[in-house]
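Notes follow the structure.
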Amino acid sequence: MPSKPSLLFMLTFVAISLLEMIGDTLPITWLHYGCKPLIMGLLFWYSWKQYRTIGYKSPARWLMIGMVFALLGDVFLMIRELDLFAPGLGAFLVMQLCYSRAFWLSRQQHQAATNRWTWSYALPFVVYLGIFLAVLHPTFSQNPALKPLWWPVVLYAICLNTMGFLATQRQGLQGYRWVMIGALLFILSDSLIAIDKFLMPISGSTWLVMSTYATAQYLIVIGIL
51 MPSKPSLLFM LTFVAISLLE MIGDTLPITW LHYGCKPLIM GLLFWYSWKQ YRTIGYKSPA
111 RWLMIGMVFA LLGDVFLMIR ELDLFAPGLG AFLVMQLCYS RAFWLSRQQH QAATNRWTWS
171 YALPFVVYLG IFLAVLHPTF SQNPALKPLW WPVVLYAICL NTMGFLATQR QGLQGYRWVM
231 IGALLFILSD SLIAIDKFLM PISGSTWLVM STYATAQYLI VIGIL
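When we follow this note's numbering, the leftmost residue of the sequence shown carries the number 51, and every step to the right adds one.
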């Protein structure tokens with residue numbers, strides 16, 4: 051059986067996340083640049099240790115591949131001197147696909163615990179997706195600089211909400227609630243990024259986005275394990 055995170059690990063993760071947000075807010079570039087990659091780096095290290103114990107099952111492999119792309123996405127979006135939003139979006143898109151695959155495989159491997167799809171859980175995600183894209187669309191259609199990003203954003207939003215839906219389909223499995231809460235927090239974090247970047251500035255956006263993002267990643271990882 052894999053062990054759950056120690057108190058030291060949790061406190062270290064919280065400290066790194068807080069230092070990253072402080073570095074981004076003040077700003078202290080070296081602190082921001084030094085701590086942001088460590089958020090996913092620390093989770094990857096923990097996962098690698100756990101998977102050496104439980105074995106590299108298919109969900110574990112896909113989760114860890116997704117974490118690598120999340121780390122790449124963090125690095126792309128961290129560099130403010132360059133416009134790397136599109137590569138960052140692409141990296142996180144691959145992460146969403148990998149996480150979705152991990153959720154799907156973990157469900158398939160425990161079919162007895164989840165013997166049917168709960169399609170009604172898809173409705174909130176479909177409604178939210180439709181409303182959010184409808185709110186975003188005027189900004190993209192009226193701004194020539196943003197038009198090329200519209201369909202990548204649509205594709206990303208679909209994959210993001212699909213990941214959220216698949217997280218709800220793991221009833222009866224280990225860490226179900228943690229994974230589901232993590233997926234919902236991820237949707238919230240990315241929604242805040244979109245609002246702040248494309249619609250209107252959000253006061254304290256750094257703290258809101260990164261606190262929900264870091265918590266989401268943490269809950270998904272420990273939930274799957």
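Idealized CB from N, CA, C, for every residue including glycine.
- Per DSSP, tyrosine 171 lies in no alpha helix (DSSP H) and is assigned neither H nor E.
- Leaving aside the five residues that flank threonine 79 on each side, the residues in its chain whose CB is nearer than 8 Å to its CB run, in chain order, Gly73.
- The continuous alpha helix (DSSP H) containing glutamate 70 extends over residues 57-75.
- The shortest C-alpha to C-alpha distance from proline 137 to any of Tyr171, Gln267 and Leu127 is the one to Leu127.
- Boundaries cannot be given for isoleucine 245, as no alpha helix (DSSP H) includes it and DSSP labels it neither H nor E.
- Isoleucine 115 sits in a helix when the DSSP states are folded into three classes.
- Taken through DSSP and simplified to helix, strand or coil, glutamine 219 comes out as coil.
- Between valine 271 and leucine 93, the C-beta gap is smaller than 8 Å, which places the two residues in contact.
- Rounded to whole angstroms, lysine 197 and glycine 222 show a C-alpha spacing of 43 Å.
- Separation of alanine 141 and aspartate 240 (C-alpha to C-alpha, rounded to the nearest whole angstrom) is 13 Å.
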